[in-house]
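In full-length UniProt numbering, the protein residues as written are 1 to 111.
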């Protein structure tokens with residue numbers, strides 16, 4: 001079996017991108033150009049964003065679950081894991097959904 005080797009990766013492009021670059025995903029263009037010209041290698045990929053690392057997300061989920069347990073046990077109501085998960089992961093989803101729905105339904109169309 002192959003031994004695991006740490007491959008050096010570059011910094012995360014999204015973390016250093018400005019707001020417009022994130023909204024239109026232009027921070028991905030250099031990566032996409034490399035992938036268009038040749039097959040991607042492990043070194044071409046960037047590091048996982050800090051807010052997407054499993055350890056970071058697990059800590060937040062654990063904190064939200066403890067808050068849920070504390071709130072629900074005071075009222076003698078069973079805790080709801082769905083609420084803790086939603087509190088952990090729903091923020092970015094709703095943020096970007098607002099822009100999607102504006103673009104899809106609120107923005108004018110050119111006919």
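Beta carbons: idealized from backbone N, C-alpha and C, even for Gly.
query	result
Residues of its chain near residue 17, where Cβ-Cβ distance is below 8 angstroms and the 5 sequence neighbours each way are ignored	26 and 27
Nearest-angstrom beta carbon gap, residue 59 and residue 68 [assumed within contact, 8 angstroms]	The Cβ separation is near 15 angstroms, so there is no contact.
Rounded distance between the beta-carbons of residue 64 and residue 84, thought under 8 angstroms	4 angstroms
Through-space distance from residue 5 to residue 55, alpha-carbon basis	21 angstroms
Beta carbon of residue 24 nearer than 8 angstroms to that of residue 13	no
Simplified DSSP state of residue 38, which is helix, strand or coil	coil
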